[in-house]
Every structure is written in structure tokens, then in C-alpha cells.
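One structure is given here, and the rest of the page talks about it.
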Amino acid sequence: MMLRLDNVTKVFKVGAFGGGSLTAVGGVSFEVRPGEVVSLIGESGSGKSTLGRMILGLTPATSGSITLDGAPVRPGKAYYRDVQGVFQDPFSTFNPVFKADRVFRMIKEVYFPGVPEAEWAGRVRSSLEDVRLNPDQILGKFPHQLSGGQLQRLLIARALLLDIKLLVADEITSMLDASTRIDVLNLLAELKARGLGVLYITHDLSLGTYLAERTVVLRRGAVVEMGLTGKVFGRPLHPYTRQLLAAVPRLREPWQDAEPVESCPYHDSGASGGLFEEEPDHFVACARLPECEGRP
Amino acid sequence: MSLRVSDLRVHYQTLKGEVRALDGVSFEVGDGEILGLAGESGCGKTTLGKSLIRMDGRMRHIGGEVELDGEVMPIGDDRRMNPFRFHRVSLVPQYSMSAMNPTRKIGKMVAELLRSRGVAPDPAKLDARLELVGLSREVLGRYPIELSGGMKQRMVMVISTLLDPSLLIADEVTSALDVSTQKAVARALAGFRDNGVVKSMIFITHDISLTYQIADTIMIMYAGKVAERAPAKVIVEAPRHPYTKLLIDSLPEVGVRHAERKLAGIPGGPPSLLDPPTGCRFRERCPLAFDRCAEEPPAVEIEPNHVVACWKA
Chain A
11 MMLRLDNVTK VFKVGAFGGG SLTAVGGVSF EVRPGEVVSL IGESGSGKST
61 LGRMILGLTP ATSGSITLDG APVRPGKAYY RDVQGVFQDP FSTFNPVFKA
111 DRVFRMIKEV YFPGVPEAEW AGRVRSSLED VRLNPDQILG KFPHQLSGGQ
161 LQRLLIARAL LLDIKLLVAD EITSMLDAST RIDVLNLLAE LKARGLGVLY
211 ITHDLSLGTY LAERTVVLRR GAVVEMGLTG KVFGRPLHPY TRQLLAAVPR
261 LREPWQDAEP VESCPYHDSG ASGGLFEEEP DHFVACARLP ECEGRP
Chain B
27 MSLRVSDLRV HYQTLKGEVR ALDGVSFEVG DGEILGLAGE SGCGKTTLGK
77 SLIRMDGRMR HIGGEVELDG EVMPIGDDRR MNPFRFHRVS LVPQYSMSAM
127 NPTRKIGKMV AELLRSRGVA PDPAKLDARL ELVGLSREVL GRYPIELSGG
177 MKQRMVMVIS TLLDPSLLIA DEVTSALDVS TQKAVARALA GFRDNGVVKS
227 MIFITHDISL TYQIADTIMI MYAGKVAERA PAKVIVEAPR HPYTKLLIDS
277 LPEVGVRHAE RKLAGIPGGP PSLLDPPTGC RFRERCPLAF DRCAEEPPAV
327 EIEPNHVVAC WKA
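Chains A and B, in that order, are what the protein sequence lines are.
So in my numbering, spot 169 of the first sequence is number 179, and the numbers just go up one at a time.
So in my numbering, spot 236 of the second sequence is number 262, and the numbers just go up one at a time.
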């Protein structure tokens, strides 16, 4: 099961009569393989959530192709058996008048009407245990009786019941406390070891690097740098990546001043120049990088 | 000493009973000091910030005293707090993004706000403040919707400090921002202190690595009480309270990879403050808990400026 994005572009109509246009995502290509976490890092307006929504079939791409094992995305029952999304705010994802077991019941009714009750109950319990929730404490509760971390794990358990191949996780930990956040991340790491592919969308670089084999850095809808996480953050090449890294608050290390991104004479050439392969599994959108003087 | 809070108790009145959100909190903030306040959700950080400026209808001042620049603040009395509010103590709220009137141009709104407080607008001062946070004068002619999140946040910071308060409370002002904007906003806040716009500051956030960047002292709260307070460097490098240690150990940092070093969260969750547990409130989740933790540990100053409430510290 492999997700492939090829030159994906999304243009929104803006303005009073749709006269203007805004390119939210411009020519993005990357892959998510089974058992791999890819983190998609970008600031507000970088188009990271739009990409996630396109992969989930919630909004169509203007051009380019998104394929799962070679087949184009076709939102529907079959597709959502394989691909599910979990979003930022767990408190507004649930219907407040449904208890947790009803959330699972709906999955059974839609996807598994033929499964016997006893077997289904067993599956629900095991998927809850997989996400480290105690079924007896969870099932009879309303969403407001559960904590943010519990709700977020409940959503992941729901996705697991469908035996999905790919999870699109859009800022799933940003509303959680530091102490619960790490539990959810460790859970993703376990699922990944079982072969689940995860697209981890975040603005938080430290969370992104913790799990991901590969990292894609987005800026204004275009990829500025991508490749193996160790390479991208071990030796960041694009000035934007370096600026992002310098802005992350760290423990035991006061903020340093990074060169502002504007100081790179080539930084805007990236969008048009395409990605340049600096070393194996490390791409950077700086068409002039080979002759760049500020090169690390 | 700029701010002195002693044994502050603030409860929320709810249908189910009293929620003891602040249960005996004592600390001091010195002149020119930035105090970082950190802890999990529901530990009482925001309640503390709010009770120093304006309590909402459900909050009750049960006990304890707050002294600002040597003067006791009547925090339980909404009306008598009026002369203090914004003149002596001010707040940059969590909801800054939506704090400004969307129907007014910003300059007009600022003038109206000042008039409502009986203060004459001082354009030169406003310009200087805008410059301090890195905004151009032009924003005054714009509507809030025309500003980015970071710009709105900085504008609200300027408005909150126009009356030169002694103490500024910044409540989660950077949590909704991108890393680079977050850095600019946090630095602008520190700039207020460096340039003497405010005398001292309480910087509330759940992000310890961010607090570490600008705070002089960090105070960790747990379930309505102070767990530990020490200089920022000490909290991060040599914490003594088990809660502080676990909190810091659970922070992922750039470069830490799951494959190499598995971080762990803190099991369980904070206790309900409707009926808080006796003894140490952290003991249910604490790996070091022993018999004595059934008794409440006193806050002890184990070294100058390093206060810990733990029997094992």
C-alpha cells in the first residue's frame, strides 16, 4: 500500500466573485510507504492541511494526481477502509450526545453488518487495548467525560477497527498536554511497526522529527526541502529550514539568531526551479544550490 | 519586590460544589523579573493569572493576600480593583486573536479604549510601542481582520501595556502561533521588560522549552498548588520535584528520535479539584511516592530561590 502524490496542485478561487485565485499547494510530489511515518511540516498557510484534505478526498486537487497503489483517490466506502484521518480538535470531532460505544456501532453498521455481535465486541475491545485505553472505562462514556488524550486515542482506535493502511494525522497532538502528547506519538510508533503508513502533519518540528523517517518541509504551498529526517534536520540546506530550526524553542539552549530567509539570494528561485538532489534521499528546492556561496 | 502572593486560595463555585482551583499558592516576583508559569491543563495557571486582574462570576476569593509594589490588591472586590486594572496590572489574554473589535479600525479602537479609561491618547508613545514590537504605524489604519495572527497578538500586547502597568500577565500568548512568529512575539514580550515598559511579568504557558527562553524564574504548578519554583536554568537542568522531572522528560526535542530514545508520558491525569486528594496531590502518579506522601509536603526553600514541595526533594 503506497500513497503517491505527483505534482499535486490546489488553486482556490478567492475574492467577491471568485475572480482571483490563490495557489494553496503548487506542484507537490512525495510518497508515503507502508510502515513509514512521513512528517509534513509547515507554518500556517503553507498548504499542509489542504494536502491532507486532498489525500482524504475531502477536497479535489486542481491538477496532479494522488494515487493509492496506483489507483486514483476515489472517496467512498472502499477508500475509507484503507485511509482515515484524525484531526486537531478531538472535542469537536465527536457528536456530544453519542456515547463512545455508539461511535463504534456506526462503523459496524456501515462497514461490517455481517460480523456477529460477540466477535465485534471482541474487536472493539482489542482495538481499544491497542491504543492503551481500558474498554470498561471508555465505552459507556460521553465525549465530555473523557480527556483530550483519551478522545484522540479513541479516534485512532476507530480508524484501526477498519484495518486501515494509511492514517492522515493532522496536528493531532497540538491540543494535548506535553505529558499526553508523547503517549499518542509512541502509539503511532507502535502502529507504524505493524505496517501502518502515517502522514503526520504538524507545525511542530520537534514532534515531527521524533517519529518520522522522512520529512517534507512546505513553504507557501511548495516543498522547499525533503528527504530522510536525519539528513534534513542534521544538515538543513534551505535557508527556510534553517530559520525554522533556529526558531524552535529548546531546553538547555537559548535562542540563536538565524539569518533571515530573505538573505538568501536564491530562496525564491526554488518554487520554479524544482527540487535539486543534494545527496541521496535529500532534496532541496534551491535551483542555484550547487553554486550557492552560503552553502553549508 | 514587585509582586507578593501569599497563601492565595481561589475556588470556583459550581453546581457540584467548590472546585479548589488555587489552594494555597505563594510566590514572589521581583522587579524586572519574568516568571514563567507552567503545568498541565487544569493545574490552575490561568486561574492564577485571572485572579490577579479580574475574577469572573464563578470565582471566589477564599483567602490569602496579593501585594503589588507594597500595596494590597483587593482582588476579591471587582469594583475596588478598577483603579488597579490595566493601570497597575494588565493582561494579554489567551484569546488575543479575537480580542479586538472587528468593526473598528485599530487606531480608532485604541483611541476609544483610552478615552474610556479617561486617558488622553499619546501618539508619540503609541508609535514608540509599535516600533518596540516591530509593527509599522500603518496597522492603526487597518481592521483587525487585515492583520496576521502574530501581528494581532503584538497589537494586543501594545494595547494591554499602553497605561504602563507594573505587572503584565501573558496567558498562553504564543500557543496558537507558528514557531518563527512565536519567537518574535516572545522576544517582543521580553523587550517590554528590558525597556522598562512593565516592571515584571508572569508568562503563562504549557511549553517549558519556550518559557525557558525568556523567563528568569519558572514556577511549576500541579493541581492548584506550587510544585516547584526555581531559576529557569535550575528547573531545566536540575529539577528536584518528580513532577517537574517527568514533565521535562516527556518533551520531545528536535533531534530526539523514537528509534533512539523513547520518551515517556506521565501516566494518569491530574486529580479532580472538586474533592482534591489529601497529602501530596501528585502521589497517585508519582514513581517515588512512599508512606509519608499521605501527609502534605510543605513548600521548602532548599536553596536560595529554589522552592520545592516534595518529601523526597
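The beta-carbon is built from N, C-alpha and C at its ideal position, and this holds for glycine as well.
Given the structure is predicted, the values throughout are model-derived calculations rather than measurements.
Where do the N-terminal and C-terminal ends of the beta strand (DSSP E) with residue i fall, by residue?
i, result
"Tyr-38 (chain B)", "29-40"
"Val-211 (chain B)", "That residue, Val-211 (chain B), is in no beta strand (DSSP E); its alpha helix (DSSP H) goes 205-220."
"Glu-327 (chain B)", "326-329"
"Lys-131 (chain B)", "Segment: none, Lys-131 (chain B) is in no beta strand (DSSP E) and carries neither H nor E."
"Thr-200 (chain B)", "Taken as a continuous stretch (DSSP letters only), Thr-200 (chain B) belongs to no beta strand (DSSP E), as it is neither H nor E."
Got a sec: is the Cβ-Cβ distance from residue i to anything in chain A below 8 Å?
i, result
"Lys-288 (chain B)", "yes"
"Ile-234 (chain B)", "yes"
"Ile-132 (chain B)", "no"
"Tyr-169 (chain B)", "no"
"Lys-4 (chain B)", "No statement about residue 4 (chain B) is possible, as the shown extent of chain B runs from 27 to 339 and does not include it."
"Tyr-38 (chain B)", "no"
"Thr-219 (chain B)", "A quick correction: the sequence has Arg, not Thr, at residue 219 (chain B). Not an interface residue."
"His-267 (chain B)", "no"
"Ile-60 (chain B)", "no"
"His-113 (chain B)", "no"
"Gly-56 (chain B)", "no"
"Ile-244 (chain B)", "no"
Of all Cβ atoms in chain B, is any one closer than 8 Å to the Cβ of residue i?
i, result
"Asp-193 (chain A)", "yes"
"Gln-266 (chain A)", "no"
"Glu-53 (chain A)", "yes"
"Gln-155 (chain A)", "no"
"Pro-259 (chain A)", "yes"
"His-292 (chain A)", "no"
"Glu-289 (chain A)", "no"
"Asp-187 (chain A)", "yes"
"Arg-168 (chain A)", "no"
"Asn-144 (chain A)", "no"
"Ser-59 (chain A)", "no"
"Gly-280 (chain A)", "Bear in mind that the predicted position of Gly-280 (chain A) carries a pLDDT of just 43, short of 50, making it too unreliable to give a figure here."
"Phe-243 (chain A)", "yes"
"Ser-273 (chain A)", "With a pLDDT of 48 at Ser-273 (chain A), under the threshold of 50, the modelled position of this residue cannot be trusted; read the value that follows with caution. No, Ser-273 (chain A) lies away from the interface with chain B (no Cβ there is under 8 Å from its Cβ)."
Which of helix, strand or coil does DSSP assign to residue i?
i, result
"Ile-195 (chain B)", "strand"
"Phe-243 (chain A)", "helix"
"His-213 (chain A)", "coil"
"Leu-94 (chain A)", "The residue asked about is misnamed: residue 94 (chain A) is Gln in this sequence, not Leu. In this structure, Gln-94 (chain A) counts as strand in the three-state DSSP scheme."
"Ala-320 (chain B)", "helix"
"Arg-155 (chain B)", "helix"
"Glu-254 (chain B)", "strand"
"Ala-128 (chain A)", "helix"
"Thr-19 (chain A)", "strand"
"Phe-101 (chain A)", "helix"
"Leu-285 (chain A)", "coil"
"Val-268 (chain B)", "According to the sequence shown, residue 268 (chain B) is Pro rather than Val. Note: Pro-268 (chain B) maps to helix in three-state DSSP."
"Met-126 (chain B)", "coil"
"Leu-139 (chain B)", "helix"
Please report the residue range of the alpha helix (DSSP H) in which residue i lies.
i, result
"Ala-256 (chain A)", "249-257"
"Met-177 (chain B)", "175-186"
"Tyr-113 (chain A)", "Note that residue 113 (chain A) is Val in the sequence shown, not Tyr. Note, Val-113 (chain A): alpha helix (DSSP H), 110-121."
"Met-64 (chain A)", "58-65"
>> Whether or not the stretch 62-70 of chain A and the stretch 82-95 of chain A are in contact is what I'm after, with contact meaning three or more pairs of Cβ atoms, one per stretch, closer than 8 Å; do they touch?
In response: yes
> Is it true that the stretch 174-186 of chain B meets the stretch 117-125 of chain B, where meeting means three or more beta-carbon pairs spaced less than 8 Å apart?
Replying inline: yes
> Along the chain, which unbroken stretches of the beta strand (DSSP E) at least 3 residues long are found entirely within the stretch 146-222 of chain A?
Replying inline: 176-180 and 207-212
> Can you list the beta strand (DSSP E) stretches of 3 or more residues lying completely in the stretch 67-108 of chain B, in chain order?
Replying inline: 85-94
> Is the stretch 294-313 of chain B touching the stretch 266-284 of chain B in the sense that three or more CB pairs, one from each, lie closer than 8 Å?
Replying inline: yes
> Do the stretch 235-245 of chain B and the stretch 42-49 of chain B make contact, defined as three or more Cβ pairs closer than 8 Å?
Replying inline: no
> Taking three-plus beta-carbon pairs below 8 Å as touching, is the stretch 226-242 of chain A in contact with the stretch 184-204 of chain A?
Replying inline: no
> Can at least three beta-carbon pairs, one atom from the stretch 31-43 of chain A and one from the stretch 14-23 of chain A, be found at a separation below 8 Å?
Replying inline: yes
> Which residue spans inside the stretch 280-318 of chain B form an unbroken alpha helix (DSSP H) run of at least 4?
Replying inline: none
> When the Cβ atoms of the stretch 153-172 of chain A are set against those of the stretch 237-247 of chain B, are three or more pairs found closer than 8 Å?
Replying inline: no
> When the Cβ atoms of the stretch 171-184 of chain A are set against those of the stretch 140-152 of chain A, are three or more pairs found closer than 8 Å?
Replying inline: no
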